[in-house]
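Each residue of the first sequence is one higher than the last, beginning at 0 in numbering that gives the first Met the number 0.
Working notes, beginning with the structure itself.
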Amino acid sequence: MKIASFNINGIKARAAALPQWLDEAQPDVVVLQEVKSVDEAFPRALFEDRGYNVETHGQKGFNGVAILSKLPLEDVSRGLPGDDDDLQARWIEATVVGKQALRICGLYLPNGNPVELNPDGSPVAGGKYAYKLAWMERLKARAQALLKSEMPALMAGDYNIIPQAEDAKRPEAWIEDALHRPESRAAYQRIVNLGFTEAFRARHQGPGHYSFWDYQAGAWNKDDGIRIDHFLLSPQAADLLLDCQIDKEIRGRDKPSDHVPIWVELDI
DNA sequence: ATGGCCGGTGGAACCGGA
């Protein structure tokens, strides 16, 4: 089973490029981020015509996540648990019913910039960095519950985390950034350390692997990228990992997203 | 060497992104 994650930066803007990539890559399941559409306006037919079941969790203008699946989806859940006042559409999960059931979570983790800190180094309450770190605490709680279920599970999406210096072309440019600050990386590492396998690093080592290139400053032409889109696999899912790749060449096409797809192949 | 964009909203400049 091929499962992909793709931050598309607007479903309307990607109405041509996304179906083209689907037709080529033929993923069984895709989690999408930054669809930037309310559910009623999501162009479901583009995907249903290709045999995908479609589940969306959108909001007006920003954020928004979705799952496309050629296999049936069950027990769909929208929104990351832990804060009923959080209305941002950044989390969707569902069970894919194949030979064996697989729980798939699609996430769009908050960016967190600008970083605002109190004199004691704690994040300023109500600020975007505080929101990011609080969201990651809720993600950790959900991750723990997933592990406890002992069902094969994965959490995939735009984590907005550069895990290591080698995951950026210019790591020095990201030292103070919310994507790479120590608090952000530590929060990410605490989640991984619960027992998850980061699929890409289980298959590939070394620098030069990126999933995002800014539209600005000729970043793509200079290969000035960062690796911020990740798959975290539960132990039961990690046992099934066959492959993990980043579809880099998509970034060089017409009207690209600033992210490219990342995918795993699981023996399931 | 430096700076360079894009999408959505709403119908012009902004906001948000990373």
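Beta carbons: idealized from backbone N, C-alpha and C, even for Gly.
Pairing Asp-242 with Glu-264 gives a Cβ-Cβ distance under 7 Å. In the three-state DSSP reduction, Lys-131 falls in the helix class (H, G or I).
If the five residues before and after Asn-110 are omitted, its C-beta is found closer than 8 Å to the C-beta atoms of Lys-127, Lys-131, Asn-159, Ala-177, Leu-178, all from its own chain and listed in chain order. According to DSSP, residue pairing for Phe-195 in a beta bridge does not occur. If you look at Gln-244, you'll find it in the beta strand (DSSP E) that goes 240-245. Under the DSSP definition of a beta bridge, Val-259 lacks any partner. The segment 32-39 makes no contact with the segment 132-145; the number of CB pairs closer than 8 Å stays below 3.
When secondary structure is reduced to three states using DSSP, Glu-165 falls in the helix class. Annotated as distal: Val-96 and Ile-66, with beta-carbon spacing of 7 Å or more. Counting only residues of its own chain and dropping the five nearest sequence neighbours on each side, Gly-194 has a CB closer than 8 Å to the CB of Leu-146, Ser-233, Pro-234.
Taken through DSSP and simplified to helix, strand or coil, Asp-38 comes out as helix. Listed in chain order, the non-local C-beta contacts of Ile-10 below 7 Å within the same chain comprise Val-34, Lys-35, Ser-36, Phe-41, Pro-42, local neighbours out to five positions each way being set aside. Where Gln-32 is concerned, the enclosing beta strand (DSSP E) starts and stops at 28-32.
At a Cβ-Cβ threshold of 7 Å, Ala-24 and Gly-57 do not count as neighbours. Look at Arg-180 here: in three-state DSSP terms it is coil, with no helix or strand label.
Contact check for Glu-197 against His-229 passes: the beta carbons are separated by less than 7 Å. A direct Cα-Cα distance of roughly 28 Å separates Leu-106 from Gly-217.
Sequence-distant partners of Phe-61 (beyond 5 residues in either direction) whose C-beta falls short of 7 Å from its own C-beta, in its chain, are Lys-35. Within 10 angstroms of the beta-carbon of Val-114 lie 16 or more other beta-carbons, which makes it buried.
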